[in-house]
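Visitor: What follows is a single structure, and I will ask about it in a moment.
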Amino acid sequence: MERSKKILCGLQNQYYRATWKSMGFSTDDLKRPLIGIANAWSECVPGHFNLRQVAQRVKDGIYRAGATPVEFGVIGGCDGMGQGHDGMHYILPSRELIANSVESMAQINLFDGIVLLGSCDKIVPGMLMAAARLDMPCILLPGGPMDGGIVFDGRKSDQTSSTEAYGMLTANKISEKEYVSLENLSCPTCGSCSYLGTANTMCSLSEALGMTLPDGGIIPAASAARLAIAEDTGIKIVELVQKNITARRIITKESVRNAIKVCLAMSGSTNAVMHLTAIAYEAELDINVLEEFDELSKTTPQIAKINPASKYNMIDFYQAGGVMRLMEEMQTIIDTEQMTVTCHTVADNIVDHVYQYPENSNVIKTMKEPFGYQGGVAVLRGNIAPDTGITKPGAFDKSLHHFVGEAICFNSEEEAEEAILEGKVHEGHVVVIRYEGPKGGPGMREMYKAMKYLYGRGLSKSTALITDGRFSGTNNGCFVGHISPEAAEGGPIAIIKNGDKVEIDVENRSLNLMVSDEEISNRLKTWKRPEPKFKRGYLGLYCKIAASGSEGAIMKYDLL
512 MERSKKILCG LQNQYYRATW KSMGFSTDDL KRPLIGIANA WSECVPGHFN LRQVAQRVKD
572 GIYRAGATPV EFGVIGGCDG MGQGHDGMHY ILPSRELIAN SVESMAQINL FDGIVLLGSC
632 DKIVPGMLMA AARLDMPCIL LPGGPMDGGI VFDGRKSDQT SSTEAYGMLT ANKISEKEYV
692 SLENLSCPTC GSCSYLGTAN TMCSLSEALG MTLPDGGIIP AASAARLAIA EDTGIKIVEL
752 VQKNITARRI ITKESVRNAI KVCLAMSGST NAVMHLTAIA YEAELDINVL EEFDELSKTT
812 PQIAKINPAS KYNMIDFYQA GGVMRLMEEM QTIIDTEQMT VTCHTVADNI VDHVYQYPEN
872 SNVIKTMKEP FGYQGGVAVL RGNIAPDTGI TKPGAFDKSL HHFVGEAICF NSEEEAEEAI
932 LEGKVHEGHV VVIRYEGPKG GPGMREMYKA MKYLYGRGLS KSTALITDGR FSGTNNGCFV
992 GHISPEAAEG GPIAIIKNGD KVEIDVENRS LNLMVSDEEI SNRLKTWKRP EPKFKRGYLG
1052 LYCKIAASGS EGAIMKYDLL
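Below is the structure:
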């Protein structure tokens, strides 16, 4: 029996029907399956600004297929709006709020299925976590990427071009006029960021998982096709309900491995490691996502290059064939028998898919002639990162895959940014930013601006940056993030001193402080745990129960 019928059928349930009818729902509406639409629309997030229109077309599809749509709101913060100030502390923890709110609304209202509308960094994984937790018919539909802006620094610009340009301005590499011109011309439409950041990585991986219709993750926000696939999504959720195809029939160990391989093949955001870990946890899967990334990165070739790994943006990737082209090319190394929200397998989807544009080997290559023979994301370990560190070698020059430099240490993102802009960071430095982990930050902020300033000042090919925080998917240059244990938990990153030698070795998957084990042990004995930065409110709670980055930075309620 449909879940909604428990409270909508029978004389004894008149109370519920009367309540629904107070909002204009008819008797016929309440006889049909109830489909929740979790809509993260707001005027705060460019990636969600078109979701009102998208939601309406989803509703049209649901009605056409014989069910009743019920829309409700979900929060969603834009990483870009939170960058470089205290707001970024809230961005990663908001992922848990999103998952919890979708779960709550689904259970309060006993929806028969859920359409998840969200496009951006923490919203997509939060919604997928909710789907995995609920194990009911669900389908995710993003709003699509924005168009690229005017050409700047050899590629179509986007909002991150402004940050790079500010670094250039402070280094007298561009004029103020050039800098100011970007403000009105770098973001010509709404949509998720036009590069392969965390948002578009997770939208792409939702396709790879099978939770989004083919091309649904990357059709441009301003395209008519975005509205067409919205209606198709509405139709398809009803079929999923009728066939009782629930989220955990789609989110399996094998489909998570497919998503990992696609992430490696396209050199997706390092944050995908953490988010896939959290999704697998909610689906109760017996899989170590971190170890899978580590092993699969050694054998999965990189066959796509998208900004920040190249000048090509997400619309170029979509027109080159997108995720479907990748998965078609990768058929020999992925599990094509996995079920998807089309109600068919990956193999069926590949056979049935019609490409709208010709191939473009500048964006997507073949397995035989890839951009690189290893994946674009790598897991490093060593005496700085006993548990893990994550890097993205697919987005920086091979000459930096082995880097030895002198540490210059900062205990916050802001301190590092100020030092970079003041010219205190030089060639050969390894910038160490610590106490920015899940508990120490709290919230594991992104070192986005620091990396962009290094790029803008011409230091991205002669410096490195390591942190227990995270990075934006748009960052390039030699970096290692997600270092675990974090500094606030007494991880070795806490005891690095200015002038220490640090070695980053991507090929050998290592990250080491070049001092003796005895010296490290002695330093750790004198380390003292700092007081939490927040003791009240949501961040106070998150500080107490956040897991490490290596565990997906989930909230572990058993720690209370």
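Just so you know, we're using the working numbering here: the sequence shown kicks off at 512 and counts up by one. No residue lacks a Cβ here, since even glycine has one placed at the ideal position from N, Cα and C.
State whether the region 735-743 contacts the region 937-949, with contact taken as three or more CB pairs (one from each stretch) at a distance under 8 Å.
Guide: No, the region 735-743 is not in contact with the region 937-949.
Visitor: Just to confirm, are S697 and C714 a CB contact at a threshold of 8 Å?
Guide: No. Outside cutoff.
Visitor: Mind checking whether I1004 and D979 have CB atoms under 8 Å apart?
Guide: Yes, these two residues count as a Cβ contact at 8 Å.
Visitor: Measure from the C-beta of D805 to each C-beta in chain C and report whether the shortest distance is under 8 Å.
Guide: Given the protein chain composition of this structure (a single chain), no chain C is represented.
Visitor: Return the chain-ordered ranges of every alpha helix (DSSP H) run that is complete within the region 629-716 and spans a minimum of 4 residues.
Guide: Complete alpha helix (DSSP H) runs here, min 4: 634-645, 670-681, 687-696.
Visitor: Would the beta-carbon of I748 fall within 8 Å of that of I650?
Guide: Yes, the pair counts as a contact, with Cβ atoms nearer than the cut-off.
Visitor: For P949, name the three-state secondary structure that DSSP assigns.
Guide: P949: coil per DSSP, three-state reduction.
Visitor: State the Cα-Cα distance for the pair M777 and A617, rounded to the nearest angstrom.
Guide: Near 34 Å, if we compare the C-alpha coordinates of A617 and M777.
Visitor: Would you call the region 656-666 and the region 582-591 in contact, with 3 or more CB pairs under 8 Å?
Guide: No, the region 656-666 does not touch the region 582-591.
Visitor: Since N1019 is in the alpha helix (DSSP H), which residue starts that stretch and which ends it?
Guide: Counting along the chain, N1019 falls outside any alpha helix (DSSP H), and DSSP gives it neither H nor E.
Visitor: Hey, would you say Y690 sits closer than 8 Å to A710, going by beta carbons?
Guide: No, they are not a contact pair.
Visitor: Let me know the secondary structure DSSP gives K909 once reduced to three states.
Guide: Helix, per DSSP.
Visitor: Using C-beta distances below 6 Å, list every residue in its chain close to K1008, excluding the 5 sequence neighbours before and after it, in chain order.
Guide: Closer than 6 Å at the Cβ level, and outside the excluded window around K1008, lies no residue.
Visitor: Buried or exposed: where does R514 fall if 16 or more other Cβ atoms within 10 Å of its Cβ makes it buried?
Guide: The residue in question, R514, is buried, as its Cβ has 16 or more Cβ neighbours within 10 Å.
Visitor: Assuming contact is defined by CB atoms lying nearer than 8 Å, are A758 and L716 in contact in what I supplied?
Guide: It is not a contact, given that the beta carbons lie outside the stated cut-off.
Visitor: E924: buried (16+ other C-beta within 10 angstroms of its C-beta) or exposed?
Guide: Classification of E924: buried, given that the 10 Å Cβ count is 16 or more.
Visitor: Output needed for H912: all residues of its chain with C-beta closer than 7 Å, excluding positions within five of it in sequence on either side, in chain order.
Guide: Excluding residues within five positions, the ones whose Cβ falls inside 7 Å are P904, V1017, E1018.
Visitor: Taking DSSP as the reference, what is the three-state secondary structure of C854?
Guide: Looking at C854 - three-state DSSP - the assignment turns out to be coil, as it is neither helix nor strand.
Visitor: Quick check: what's the CA-CA separation for G988 versus Y959?
Guide: For G988 and Y959, the distance between alpha carbons rounds to 11 Å.
Visitor: Which same chain residues end up closer than 7 Å to P731 when comparing Cβ atoms and leaving out the 5 residues on each side of it in sequence?
Guide: Correct list, in chain order: G655, P656, D658, G702, R737, I826, Y829.
Visitor: Below 8 Å between beta carbons: does that hold for T902 and S1061?
Guide: Not closer than 8 Å, so no.
Visitor: Counting Cβ pairs, one atom from each stretch, are 3 or more of them under 8 Å apart for the region 803-822 and the region 873-889?
Guide: The region 803-822 is in contact with the region 873-889.
Visitor: Taking the beta carbon of K963 as the centre, do at least 16 other beta carbons fall within 10 Å, making it buried, or is it exposed?
Guide: K963 should be labelled buried.
Visitor: Grab the span of the beta strand (DSSP E) containing S995 for me, first residue to last.
Guide: Start and end: 989-995.
Visitor: Can you list, in chain order, the stretches of the beta strand (DSSP E) that have 3 or more residues and sit fully within the region 548-632?
Guide: Counting whole runs of 3 or more residues, the region 548-632 contains the beta strand (DSSP E) stretches 579-584, 624-628.
Visitor: I'd like the list of long-range same chain contacts for P636, defined as Cβ closer than 7 Å, with 5 residues on each side in sequence excluded.
Guide: R606, M713, H786, A789, I790, listed in sequence order.
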